[in-house]
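Note that the protein sequences, when read in sequence, are chains C and D. First residue of the first sequence? That's 1 in my numbering, and the numbers climb one at a time after it. First residue of the second sequence? That's 1 in my numbering, and the numbers climb one at a time after it. Beta carbons: idealized from backbone N, C-alpha and C, even for Gly. Quick caveat, the model's predicted, so the values are computed rather than measured. Here's the structure we're looking at; comments come further down.
Protein chains: 2
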Amino acid sequence: MSYKLTYFDVPGLAEPIRFLMAYLDIDFEDNRIGYQTWSAVKPSMPFGKVPILEIDGQVLNQSSAITRYLARKAGLAGIDDWESMLIDIAVDNVHDFRHEIAVYVFTERKNCDAESNSSKIKEITKFYMEKFESIVTINKGFFVNGKLTWADLFFVAISDTLSDMAKIDILEGRPNLQTLKTQVLSIPQIKTWVAKRPEPSVLF
Amino acid sequence: MSYKLTYFDVPGLAEPIRFLMAYLDIDFEDNRIGYQTWSAVKPSMPFGKVPILEIDGQVLNQSSAITRYLARKAGLAGIDDWESMLIDIAVDNVHDFRHEIAVYVFTERKNCDAESNSSKIKEITKFYMEKFESIVTINKGFFVNGKLTWADLFFVAISDTLSDMAKIDILEGRPNLQTLKTQVLSIPQIKTWVAKRPEPSVLF
Chain C
1 MSYKLTYFDV PGLAEPIRFL MAYLDIDFED NRIGYQTWSA VKPSMPFGKV
51 PILEIDGQVL NQSSAITRYL ARKAGLAGID DWESMLIDIA VDNVHDFRHE
101 IAVYVFTERK NCDAESNSSK IKEITKFYME KFESIVTINK GFFVNGKLTW
151 ADLFFVAISD TLSDMAKIDI LEGRPNLQTL KTQVLSIPQI KTWVAKRPEP
201 SVLF
Chain D
1 MSYKLTYFDV PGLAEPIRFL MAYLDIDFED NRIGYQTWSA VKPSMPFGKV
51 PILEIDGQVL NQSSAITRYL ARKAGLAGID DWESMLIDIA VDNVHDFRHE
101 IAVYVFTERK NCDAESNSSK IKEITKFYME KFESIVTINK GFFVNGKLTW
151 ADLFFVAISD TLSDMAKIDI LEGRPNLQTL KTQVLSIPQI KTWVAKRPEP
201 SVLF
């Protein structure tokens with residue numbers, strides 16, 4: 001099967017997909033488009049957005065749906081419907097964090113002064129990261145049920161983007177999440193991927 | 001098992017969960033909180049948000065994760081991993097539509113004149129609804145693979161909220177989506193639920 005991932009030259013929402021494909025030893029084309037060419041490419045995307053993944057030419061959008069599909073193939077999506085739901089909840093809680101920061105980074109910052117935005121982003125980061133640290137502490141170092149799932153890979157894959165957006169090291173003062181990150185990055189396939197992936201363009 | 005759903009007295013993000021519980025003949029407590037009491041209730045929510053569903057006292061947040069879980073129980077979540085992904089993609093495309101309208105309803109409207117916002121919402125609605133109508137036409141009246149899945153129940157359950165937010169009948173001029181809505185609302189358990197559900201408070 002052929003896999004072609006299209007996204008910008010940054011980790012962002014594509015990185016969880018890249019992590020899962022690396023974990024699965026899937027050889028994929030990592031098609032990175034420049035912001036200059038985006039306006040020309042955008043109309044050809046299913047809903048005008050990236051990432052998309054083409055599997056044998058079939059175009060798929062929606063990063064969470066794609067990552068969940070790959071996670072099922074990897075055996076990282078739960079042993080039953082209940083556990084799958086707990087993983088989905090964890091992932092969507094991280095997405096909510098991303099959304100709330102994004103509102104300040106992309107929308108509100110146009111309307112408020114930098115100091116006020118920075119203070120709001122710090123407040124959002126504290127709110128979510130305290131809860132995530134607590135969840136990972138209760139769950140023996142992982143997001144769900146004391147074992148590695150795609151919620152962990154998703155969080156680690158997107159954590160650098162979240163820190164870049166917030167302009168804060170979101171893991172500072174969160175020892176259990178730091179340990180989780182170290183652990184995920186030491187998985188051999190992930191380690192190999194991170195070592196060989198391109199240095200991203202600066203986004204924020 | 002006991003099921004207690006907590007949300008505002010509106011359809012919104014809880015209605016897909018209510019539709020799925022109705023479809024499954026689950027007898028649930030439909031706990032509707034007033035906006036006046038929300039500030040008192042908010043801190044006790046897992047991430048400060050609703051809906052939450054309590055199953056035998058275990059508190060679950062994230063409406064999509066909960067709806068997907070119930071859909072699996074109902075046999076509406078796909079026959080294999082691939083189909084499950086196509087359903088997840090359809091649902092998240094509808095969520096993107098909701099998010100994009102919400103930005104204008106809740107954020108941008110503070111900063112622009114009403115006419116400009118209304119024009120932007122119309123543009124977003126046209127963009128998404130044309131695509132959804134086309135998808136449903138290609139898929140023989142449903143969102144995925146020519147058969148009823150939770151993507152259809154999700155869309156129909158949330159469609160009134162989307163119309164209320166946009167202040168447009170989003171189904172106008174979309175005959176296949178209208179037929180889908182009629183079909184979903186004629187499923188006996190859904191029909192019974194819609195007939196007995198409370199008249200919602202006015203939200204927008």
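Annotated three-state conformation of D/F47 is coil, per DSSP. Rounded to whole angstroms, the separation of the alpha carbons of D/T192 and D/L185 is 9 Å. For D/A74, not one C-beta of chain C is nearer than 8 Å to its own C-beta.
By the Cβ neighbour-count rule, D/V136 is buried, with 16 or more other Cβ atoms within 10 Å of its own. Going by beta carbons, D/F154 and D/Y128 fall outside the 8 Å limit.
Rounded to the nearest whole angstrom, the CA to CA distance from C/F132 to D/D88 is 24 Å. Residues of chain D with a Cβ closer than 7 Å to the Cβ of C/F47 are, in chain order, N93, D96, K131. In this structure, the straight-line span from the alpha carbon of D/G78 to that of D/K42 is close to 35 Å. Comparing alpha-carbon positions, the option among C/I66, C/P200, C/F19, C/A102 lying closest to C/A166 turns out to be C/A102.
With respect to chain D, the C-beta atom of C/N61 has a partner C-beta closer than 8 Å. Think of a sphere of 8 Å around the beta carbon of C/S64: the chain D residues whose beta carbon falls inside it are D88, D92, in chain order.
In this structure C/F19 is in contact with C/I190, their Cβ atoms being roughly 6 Å apart against a cut-off of 8 Å. Rounded to the nearest angstrom, the gap between the Cα atoms of C/T182 and C/E100 is 26 Å. When DSSP states are grouped into helix, strand and coil, C/T192 belongs to the helix group. The beta carbon of D/K73 is closer than 7 Å to those of L24 in its chain, skipping five residues each way along the sequence. Here D/P16 has S63, T67, L153, F154, A157, I158 as same chain residues with Cβ atoms under 7 Å from its own Cβ, once five neighbours each way along the sequence are excluded.
DSSP places C/E29 within a strand segment (E or B) once states are collapsed to three. The DSSP-derived three-state label of D/V10 is coil. At a C-beta separation below 8 Å, D/M85 has these neighbours in chain C: L60, A65, I66, R68, Y69. Residues of chain D whose Cβ lies closer than 8 Å to the Cβ of C/D81 are, in chain order, Y69, R72, K73. The C-alpha of D/V59 lies about 18 Å from the C-alpha of D/A40. Considered as a whole, the segment 114-196 of chain C harbours 114-138, 150-166, 175-185, 188-196 as its complete alpha helix (DSSP H) runs of no fewer than 4 residues, in chain order. Burial is judged here by how many other beta carbons sit within 10 angstroms of a residue's own beta carbon; D/P51 has at least 16 and is buried. Pairing D/I124 with C/I187, the inter-Cα distance amounts to about 42 Å. Its chain contains F28 as the residues whose beta carbon lies nearer than 6 Å to that of C/M21, once the 5 sequence neighbours on both sides are disregarded; these appear in chain order.
When C-alpha distances from C/I121 are compared across C/L162, C/D30, C/S44, the shortest belongs to C/L162. Restricting attention to C/Y69, C/Q36, C/G146, C/D30, the CA atom closest to the CA of C/Y3 is found in C/D30. Judged by their CB atoms, C/L53 and C/L5 are nearer to each other than the 8 Å cut-off. Counting only the Cα atoms, D/D9 lies some 10 Å from D/R197. Under the three-state reduction of DSSP output, C/I66 falls in the helix class. Setting aside the 5 residues that flank it on each side, D/I55 is surrounded in the same chain by M1, S2, Y3, each with a C-beta closer than 8 Å to its C-beta; the list follows chain order. Inter-residue distance for D/D160 and D/G34 is about 20 Å (C-alpha atoms, whole angstroms). Minimum Cα-Cα distance from D/G12 among the listed residues D/G173, D/M45, D/V94, D/M85 corresponds to D/V94.
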